[in-house]
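In the UniProt record's numbering, the protein residues as written are 1 to 307.
Here's what the structure looks like:
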């Protein structure tokens, strides 16, 4: 009977943490599960091996005894099942959801475990394994891009995930960097375990003239010199639609106008932030002789002192 290197079976180092062992087991269990490899005897045997390896390494007490065994393997082999230790020490730690669910003999025959396992841990060790346990499938992660308009109004995307298409619906007010959780759209669970979840990170593309600050929006508006001086109205295309912006007389470059309730939707609530319109006063670059004469006349009439 050969010594079984359970660390090699799971592909982990002997100094691996319990979390690393669990992660390696989950990955291999999904890969070699019989439901995904029907008719493949080698995959079935591999699945049996990794479950047996995790039954030992996944339990800190069993792992400790297994490591203590080392060079004393022959003594245990000659002593027969249970030799040299108290079988009661081998009760499973419990609480671990990443195990095969059911009796291994139901899937792999009456023996269930290898002779090596039975020789070292005996029937009691096998009985511990026969408690029904299952594990959740792995989670999937991905990203989608939205325009600012789509983030504002909400959007729908269809993504291809392996052999299935999944529709992703985003709510109004979705933010850059936000992660959506779509339950049970990850990898399938093992032996009746629930499927993993799908996590989708949102990336909102920058807008050329609108910035987002928390629930507020900042949008720039070009204003001609005459409207800035005399006041007036300008149509502005916003994410909320066309708005008529009243420009006050004597408006200054960089001045902010606040429009309450015209900002970003507050995610998950029936509320909106504010829209701040920043005025960008455009000065004329070229003047006709007549226009220049009028400006000179205005200059001579000017009574405003600038420090």
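The beta carbon of each residue, even a glycine, is placed where N, CA and C say it ideally should be.
Work out the CA separation of residue j and residue i for me, nearest whole Å.
i	j	result
residue 224	residue 203	35 Å
residue 259	residue 277	8 Å
residue 290	residue 227	19 Å
residue 185	residue 35	18 Å
residue 17	residue 265	45 Å
residue 237	residue 245	10 Å
residue 304	residue 153	46 Å
residue 157	residue 234	35 Å
residue 13	residue 220	58 Å
residue 47	residue 11	13 Å
residue 43	residue 52	14 Å
residue 41	residue 33	11 Å
residue 306	residue 248	21 Å
residue 301	residue 294	11 Å
residue 2	residue 49	14 Å
residue 181	residue 200	6 Å
residue 270	residue 212	18 Å
residue 209	residue 253	16 Å
residue 243	residue 172	20 Å
residue 292	residue 170	54 Å
residue 214	residue 286	40 Å
residue 6	residue 176	44 Å
residue 19	residue 60	11 Å
residue 164	residue 183	15 Å
residue 45	residue 117	15 Å
residue 298	residue 256	27 Å
residue 23	residue 39	26 Å
residue 283	residue 232	16 Å
residue 37	residue 15	31 Å
residue 159	residue 222	39 Å
Do residue i and residue j have their C-beta atoms within less than 8 Å of each other?
i	j	result
residue 30	residue 138	yes
residue 148	residue 296	no
residue 69	residue 21	no
residue 206	residue 195	no
residue 262	residue 275	yes
residue 27	residue 114	no
residue 166	residue 144	no
residue 179	residue 151	no
residue 25	residue 66	no
residue 281	residue 250	no
residue 273	residue 217	yes
residue 198	residue 140	yes
residue 136	residue 193	yes
residue 161	residue 155	no
Provide the residue span of the beta strand (DSSP E) that contains residue i, from first to last.
i	result
residue 12	Note, residue 12: premise wrong, no beta strand (DSSP E); not H, not E.
residue 181	179-182
residue 155	155-161
residue 310	With the chain running from 1 to 307 in the structure shown, residue 310 is simply not present.
residue 198	198-204
residue 140	140-146
residue 211	210-213
residue 165	164-170
Looking at the secondary structure, which residues open and close the alpha helix (DSSP H) in which residue i lies?
i	result
residue 26	18-32
residue 63	60-69
residue 55	41-57
Consider the Cβ of residue i: report whether some Cβ of chain B lies at a distance smaller than 8 Å.
i	result
residue 233	In the structure shown, chain B cannot be found, because there is only a single protein chain.
Quick check: does the Cβ of residue i come within less than 7 Å of any heavy atom belonging to the ligand SAM?
i	result
residue 197	Absence of the ligand SAM from the depicted structure is noted, as is the absence of any ligand whatsoever, leaving it without description.
Ignoring anything shorter than 3 residues, give me the beta strand (DSSP E) runs that lie fully in the stretch 236-300, in order along the chain. 241-247, 256-259, 275-282
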